[in-house]
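Beneath this line is the structure, given in structure tokens, with notes to follow.
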Amino acid sequence: MNSGEALLIEGGLLIDPSQRLESPRDLLIQGGKVMRISIPLNRGKRRRVSRDLGPVRRVDARGCWVVPGLIDMHVHLREPGREEDETILTGTRAAAAGGVCTVLAMPNTLPPTDTASRLLAARRIARRDAAVHVLFAGALTLGQRGERLADLKALHEAGAAAISDDGRPVMNSELMRRALLFSRTSGLPVLDHAEDDHLAAGGVIHQGRLSKRLGLPGIPSASETLMALRDLSLAALTGGRLHLCHVSCAQTVDLVRRAKRSGLAVTAEAAPHHFTLTEDDLPRGARCADFKMNPPLRSREDRDALLEGLQDGTLDAVASDHAPHSPEKKARGPLKAPFGIIGLETLLPLSLALVAKGVLTRRSFVERLCGAPARILGLASKGHLRRGADGDVTVIDPLARGRVALPFRSKSRNTPFLGKSLRGMARATIVQGRVVFLREGGDS
Amino acid sequence: MNVLLVGSGGREHALAWALRKSPRVEKLYAAPGSAGMASLAEPAAIDPLDFPKLASFCREKSIGLAVVGPEAPLAAGIADALEAAGIRVFGPDKACARLEASKSFAKSFMERHSIPTARHAVHDDPASALKGLEDFPLPVVVKADGLAAGKGVRVCSTRREAESAVSDFMFLRVCADAGRRVVLEEFLEGREATLMAFCDGRTLRELPAGQDHKRLEDGDRGPNTGGMGVFAPTPSLTPDLLERVRREVFERVAAGLAAERLRYRGILYCGLMLTQEGPKVLEFNARFGDPETQAVLPLLETDLLDLMEACLEQRLERVRISVKKASCVCVVLASEGYPERPATGREISGLDDFPAEEGLFAFHSGTRREGGRWLTAGGRVLSVSAVCETLEAARARAYAAAARVRFEGIHMRTDIADDLKVRSSAAA
Numbered sequence: 134m135n136s137g138e139a140l141l142i143e144g145g146l147l148i149d150p151s152q153r154l155e156s157p158r159d160l161l162i163q164g165g166k167v168m169r170i171s172i173p174l175n176r177g178k179r180r181r182v183s184r185d186l187g188p189v190r191r192v193d194a195r196g197c198w199v200v201p202g203l204i205d206m207h208v209h210l211r212e213p214g215r216e217e218d219e220t221i222l223t224g225t226r227a228a229a230a231g232g233v234c235t236v237l238a239m240p241n242t243l244p245p246t247d248t249a250s251r252l253l254a255a256r257r258i259a260r261r262d263a264a265v266h267v268l269f270a271g272a273l274t275l276g277q278r279g280e281r282l283a284d285l286k287a288l289h290e291a292g293a294a295a296i297s298d299d300g301r302p303v304m305n306s307e308l309m310r311r312a313l314l315f316s317r318t319s320g321l322p323v324l325d326h327a328e329d330d331h332l333a334a335g336g337v338i339h340q341g342r343l344s345k346r347l348g349l350p351g352i353p354s355a356s357e358t359l360m361a362l363r364d365l366s367l368a369a370l371t372g373g374r375l376h377l378c379h380v381s382c383a384q385t386v387d388l389v390r391r392a393k394r395s396g397l398a399v400t401a402e403a404a405p406h407h408f409t410l411t412e413d414d415l416p417r418g419a420r421c422a423d424f425k426m427n428p429p430l431r432s433r434e435d436r437d438a439l440l441e442g443l444q445d446g447t448l449d450a451v452a453s454d455h456a457p458h459s460p461e462k463k464a465r466g467p468l469k470a471p472f473g474i475i476g477l478e479t480l481l482p483l484s485l486a487l488v489a490k491g492v493l494t495r496r497s498f499v500e501r502l503c504g505a506p507a508r509i510l511g512l513a514s515k516g517h518l519r520r521g522a523d524g525d526v527t528v529i530d531p532l533a534r535g536r537v538a539l540p541f542r543s544k545s546r547n548t549p550f551l552g553k554s555l556r557g558m559a560r561a562t563i564v565q566g567r568v569v570f571l572r573e574g575g576d577s
Numbered sequence: 146m147n148v149l150l151v152g153s154g155g156r157e158h159a160l161a162w163a164l165r166k167s168p169r170v171e172k173l174y175a176a177p178g179s180a181g182m183a184s185l186a187e188p189a190a191i192d193p194l195d196f197p198k199l200a201s202f203c204r205e206k207s208i209g210l211a212v213v214g215p216e217a218p219l220a221a222g223i224a225d226a227l228e229a230a231g232i233r234v235f236g237p238d239k240a241c242a243r244l245e246a247s248k249s250f251a252k253s254f255m256e257r258h259s260i261p262t263a264r265h266a267v268h269d270d271p272a273s274a275l276k277g278l279e280d281f282p283l284p285v286v287v288k289a290d291g292l293a294a295g296k297g298v299r300v301c302s303t304r305r306e307a308e309s310a311v312s313d314f315m316f317l318r319v320c321a322d323a324g325r326r327v328v329l330e331e332f333l334e335g336r337e338a339t340l341m342a343f344c345d346g347r348t349l350r351e352l353p354a355g356q357d358h359k360r361l362e363d364g365d366r367g368p369n370t371g372g373m374g375v376f377a378p379t380p381s382l383t384p385d386l387l388e389r390v391r392r393e394v395f396e397r398v399a400a401g402l403a404a405e406r407l408r409y410r411g412i413l414y415c416g417l418m419l420t421q422e423g424p425k426v427l428e429f430n431a432r433f434g435d436p437e438t439q440a441v442l443p444l445l446e447t448d449l450l451d452l453m454e455a456c457l458e459q460r461l462e463r464v465r466i467s468v469k470k471a472s473c474v475c476v477v478l479a480s481e482g483y484p485e486r487p488a489t490g491r492e493i494s495g496l497d498d499f500p501a502e503e504g505l506f507a508f509h510s511g512t513r514r515e516g517g518r519w520l521t522a523g524g525r526v527l528s529v530s531a532v533c534e535t536l537e538a539a540r541a542r543a544y545a546a547a548a549r550v551r552f553e554g555i556h557m558r559t560d561i562a563d564d565l566k567v568r569s570s571a572a573a
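Next up, the structure:
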């Protein structure tokens, strides 16, 4: 089906904070763009669509929310170099099933996306294989070794949507300063994995009550907060567009809140596992490796602070930090397994749970998953459903239950939510006016 | 006179059949009507919510009476609009239709006029709704205030379920705007009965009471639906209980309507729970029920048009409704996937040679005609009704007729009016 065909999404609750809209509306997409929003007709009567549009595909959104396509601005697709964990094909299929229409792929591939030619090569693979939109971040330093700045201008010209060394912190403050300066002139955001290598060294879980009790090396919150403080200062100094990735602790939330109050244009994100789980959820034994990520699951107080930050907007966006690792790698156990868990297929229900709990309003939910990521990445035609917007739409069934169970679309299965029954699934995912995912029947 | 029927489902098909029996009905139209009832009522392709177009159609065709079937146009003010255009309407105006469109309005109306009903509390704020749950013992009923197509009522047996219901309605808005306000209600135990009554604003005159079956599966299991079958009259509404309903519900409704200057001209459907403390109102609907209508109208002997006009002219007091001394059983044939996501477009066989016998009906709820074939077009497809002297015979006749209709994925309950249901319904 080409994107020129018309698509009518009928009977849903359309939520678009940019239009102050939260009402039952039908949505017409044509030529890959949002064409029209109309008041729904009487139940049982099919809306007649103008003949000039040609054949119209209809999506039944009754009982569902209709929102701008979700944007996950923190995803690891592993291709090239780690195709045993994930590929652009499998990762974007996971995204589609999770209701995500656009992903920002981090550059820590093998080799990392640190030159224009590598970025262009990655984009070629995406054009061929991707099920959803893929944007690429260019690496901040060459090889992500933290020694020399990459050619940021070339990366920008080759189509990088952001700059990041995610996976690795940027220990050299001068390099970060220069990256932020470039950010100011180019408008590209710097996606900051804030971590102090030395403080975090050897740690596998949060340094706190549990690490003490289990006798495991811990990663202190200070590792994140210290770097966040440094980078906030550098952002103030340079005027660059700093974005803090995967904020995990209360102290960082406080810092960001104060920085915003003082007028600094900083943005931040939180990941669903951090605002859902805590160190108390870590199981004994081998499964613990599926709960291991960086930054780690922290205390209940930290989680509550994240929820508060999401509620008051201190944390602008929700992003999954989808980090697939093959079962072989995770089987090395909690001490030796690489950090990271997948998250594309659980992003939606875990975020929706915040609305069910009254932490987020429906509009804030759309802000965190659609509006804010679009603004941060400078995607003017995404994150909203005004006429002319990209035809990226997520139809969400808030009551649909899904069991987090194999087979996943992702190649990997490293998720702490394995076996859990979650509520709130994508009923349909539409990218550029084409349905890239449709949930069949009732519960999956 | 010429009559316009507004609607398109099984209920409207039954109304069309009953109206056609009246010698005073000349031309009968239905907007939008359906292929299924086209032999009785000529379909007019007009959206029931397009009031201006309906009004000009009525003027064009010299319609003497418009009869409104479904709730949505009534709640939107169809009666007000058509009456303003000089057309007589059988159906309550917008203010009266609130008795169905807003559960909180209905409950406070009942409170004001001492009509027996369950204890309740209204909440516009999620936090207060969650706190308000503490005031009710379990099980507690959580209802979305507005029209929610049957999906807005949850009977919750745990605190967690109740909190989830409040969250689903108020935060997740699964019933859209109907869940802005939530009504918490005490759970009532007893036997259910549905009673439809003609109301002229001063007097109410009831039709035979029915026992409906809301759950999808046999044994009252499975999700709630719009109704999978009805039998009438139900033994549960004894003459004594009926007398109590007349005194404690109907008379007080009439008094309340008068006191609040509500000009109700139409059918009032009462969903009742016959509790140990007597009959209590579960809910009001401002229109004929579906599929109750398909089980009750076949028993009506009085001219339906006469009855409706008596309502409009406030003469009901002098009218006695005459019904057959018989029983009627209606079985609904539903699509696979109903009520969540019904599969449609399946070919139906057995309709064209459905027996044309007296007292046997195949009312079309959700069908369409394509290339000479009948196809399923909705969750509930057909309502098969049979009238016989006894409930047992009516049940046998209805199921025998239903068995002649086939389509892929067909689902029906097999226990409508079965021994157990009738016995438990009659149990003292």
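In the order they appear, the protein sequences are chains Z and A. Under our numbering, the residues of the first sequence are numbered 134 to 577, in order. Under our numbering, the residues of the second sequence are numbered 146 to 573, in order. From the three backbone atoms N, C-alpha and C, an ideal C-beta is built for every residue, glycine too.
The C-alpha of residue 207 of chain Z is placed about 18 Å away from the C-alpha of residue 525 of chain Z.
With respect to chain Z, the C-beta atom of residue 185 of chain A has no partner C-beta closer than 8 Å. Within the stretch 458-532 of chain Z, the complete alpha helix (DSSP H) runs of at least 4 residues fall at 460-463, 466-469, 480-489, 495-499 and 505-509. Less than 8 Å separates the beta-carbon of residue 202 of chain Z from that of residue 563 of chain Z. Residue 336 of chain A is bridged by DSSP to A/419. Close CB contacts of residue 508 of chain A within its chain, under the 6 Å cut and outside five residues either way in sequence, are with 155, 158, 159, 439 and 528 (chain order). Between residue 317 of chain A and chain Z, the shortest Cβ-Cβ separation is below 8 Å.
Taking every protein chain shown into account, the CB of residue 248 of chain A has 16 or more other CB atoms within 10 angstroms, so this residue is buried. With fewer than 16 neighbouring CB atoms inside 10 Å of its own CB, residue 331 of chain Z falls in the exposed class. Residue 512 of chain A has A/521 as its beta-bridge partners, per DSSP. For residue 565 of chain Z, same chain residues with a beta-carbon under 7 Å away, outside a window of 5 residues either side, are 136, 165, 523, 524 and 525 in chain order. A direct Cα-Cα distance of roughly 11 Å separates residue 390 of chain A from residue 418 of chain A. Not a single C-beta of chain Z is nearer than 8 Å to the C-beta of residue 487 of chain A. With respect to the 8 Å criterion, residue 197 of chain A and residue 188 of chain A are not classified as neighbours on the basis of their beta carbons.
Taking a 10 Å sphere around the C-beta of residue 433 of chain Z, we find fewer than 16 other C-beta atoms and assign the residue as exposed. Residue pairing of residue 156 of chain Z in beta bridges, as defined by DSSP: Z/147.
Proximity of chain A to residue 491 of chain Z at the Cβ level (cut-off 9 Å) is accounted for by 271, 272, 275, 312, 315 and 316, in chain order. Excluding sequence positions up to five before and after residue 324 of chain A, its CB lies within less than 8 Å of the CB of 289, 290, 291, 293, 297, 313, 314, 315 and 318, all in the same chain and listed in chain order. Distance between residue 145 of chain Z and residue 560 of chain Z, taken at the CA atoms: about 11 Å.
In this structure, residue 473 of chain Z and residue 150 of chain Z do not form a Cβ contact; the two beta carbons are roughly 32 Å apart against a cut-off of 8 Å. Look at residue 241 of chain A here: in three-state DSSP terms it is helix. In this structure residue 364 of chain Z touches residue 325 of chain Z by the C-beta definition: roughly 5 Å separates them, less than 8 Å. Scanning its chain for C-beta atoms nearer than 8 Å, with the 5 sequence neighbours on each side dropped, one finds around residue 284 of chain A the residues 300, 301, 302 and 332, in chain order. Within its own chain, the residues whose Cβ lies closer than 7 Å to the Cβ of residue 537 of chain Z, once the five positions on either side in sequence are excluded, are 479, 548, 550, 551, 552, 553 and 555, listed in chain order.
At a cut-off of 8 Å, the C-beta of residue 165 of chain Z has no neighbouring C-beta in chain A. With the rule of 3 Cβ pairs closer than 8 Å, the stretch 469-478 of chain A does not count as touching the stretch 191-207 of chain A.
The residue from A/538, A/344 and A/358 with its alpha-carbon nearest to that of residue 352 of chain A is A/344.
Taking CB atoms only, residue 146 of chain Z has a neighbour in chain A less than 8 Å away.
Approximately 18 Å separates the beta-carbon atoms of residue 541 of chain Z and residue 263 of chain Z; this is outside 8 Å, ruling out the contact.
When rounded, the separation of the alpha-carbon atoms in residue 467 of chain Z and residue 571 of chain Z is 36 Å. Contact annotation, residue 524 of chain A with residue 511 of chain A: C-beta distance approximately 7 Å; criterion of less than 8 Å satisfied. Neighbourhood of residue 188 of chain Z in chain A, by CB distance below 7 Å: empty, with the nearest CB roughly 17 Å away. Taking C-beta atoms under 8 Å as the contact rule, residue 459 of chain Z and residue 545 of chain Z qualify, at a distance of about 6 Å.
Residue state for residue 563 of chain Z is assigned as strand, using DSSP reduced to three classes. Of the residues Z/306, Z/154, Z/270 and Z/296, the one whose Cα lies closest to the Cα of residue 280 of chain Z is Z/306. Scanning chain Z for C-beta atoms nearer than 7 Å to the C-beta of residue 323 of chain A yields nothing, as the closest lies near 10 Å away.
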